[in-house]
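Enquirer: Residue numbers (this note's numbering), protein chains in the order written: chain P, 287 to 400; chain X, -15 to 101.
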Amino acid sequence: GENVEQHPSTLSVQEGDSAVIKCTYSDSASNYFPWYKQELGKGPQLIIDIRSNVGEKKDQRIAVTLNKTAKHFSLHITETQPEDSAVYFCAARKRTGGSYIPTFGRGTSLIVHP
Amino acid sequence: DVKVTQSSRYLVKRTGEKVFLECVQDMDHENMFWYRQDPGLGLRLIYFSYDVKMKEKGDIPEGYSVSREKKERFSLILESASTNQTSMYLCASSPEGQGRGANEKLFFGSGTQLSVL
């Protein structure tokens, strides 16, 4: 299976609704879980991250929760706005050769309808 | 702010051509990465480098090579471009740390959309 699975692949919400994107990972030793937002024509940018010593982190309208036992983490966006429309990627780590590298989910296309 | 600059935003090449994609970062980061982005497949790692002249294969290195002669510059080379290499290519960097990029934030460039005809 994939190292990082991300769901859903597309998410359509009305402005003001909440949006939740979920990821599961396979490497139980992963300890850093970032979320990136990619707007059209741009590279991904980090919007929030969490380390394994905490279960939840919040920054204004966005929050990330982590369940290390179940090996999943989620991005929560409240009071969505049209400018939240973008592709969102989660990441965890996997081992390749002698190194650990960041590995990404396949992305979620979030559409916020005004 | 960290800046990761990719030399071309759009590139059109012919099958069989040798293609160079250039990436420069200005924050003295140790780690640099090349990803390929395709619809429905997310970001797939081609190669990464954690030091000058060092490189390691990612998930899809076939048909690609890289060069890191200077710390700030990481080049992706398509030895003989093929149509299945038409894609968005993203360069990223991150500071030194344990895990060689797995434990810290990545800074991405804006991407190069490569079309191979």
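Just so it is clear, CB atoms sit at the ideal spot from N, CA and C, and this is done for glycine as well.
So what's residue 15(X) in DSSP terms, helix, strand or just coil?
Expert: strand
Enquirer: Among the candidates 400(P), 373(P), 326(P), 349(P), whose CA atom is the shortest distance from the CA of residue 292(P)?
Expert: 373(P)
Enquirer: Taking CB distances under 8 angstroms as the criterion, tell me whether residue 92(X) reaches chain P.
Expert: yes
Enquirer: What are the complete alpha helix (DSSP H) segments, minimum 4 residues, inside the region 18 to 82 of chain X?
Expert: none
Enquirer: Would residue 329(P) and residue 92(X) be called neighbours here (beta carbons separated by less than 8 angstroms)?
Expert: yes
Enquirer: Looking at the ligand MN, does it come within less than 7 angstroms of residue 383(P), judged from the CB to the closest heavy atom?
Expert: Absence of the ligand MN is noted for the structure shown, with no ligands found whatsoever.
Enquirer: Which complete beta strand (DSSP E) runs does the region 292 to 320 of chain P hold, if anything under 3 residues is left out?
Expert: 296 to 300, 305 to 311
Enquirer: Examine chain P for any beta-carbon lying closer than 8 angstroms to the beta-carbon of residue 32(X), and answer yes or no.
Expert: yes
Enquirer: Can you tell me the Cβ-Cβ gap for residue 332(P) and residue 89(X), rounded? I've got them flagged as a contact below 8 angstroms.
Expert: Between residue 89(X) and residue 332(P) the Cβ distance is about 5 angstroms, and since that is below 8 angstroms, they are a contact.
Enquirer: Which residues does DSSP pair with residue 353(P) in a beta bridge?
Expert: 358(P)
Enquirer: Is the shortest distance between the beta-carbon of residue 347(P) and the beta-carbons of chain X less than 8 angstroms?
Expert: no
Enquirer: Taking the beta strand (DSSP E) that residue 389(P) falls in, what are its first and last residues?
Expert: Here the beta strand (DSSP E) through residue 389(P) covers 385 to 390.
Enquirer: Looking at C-alpha atoms only, which residue of -3(X), 8(X), 3(X) is the closest neighbour of residue 78(X)?
Expert: 8(X)
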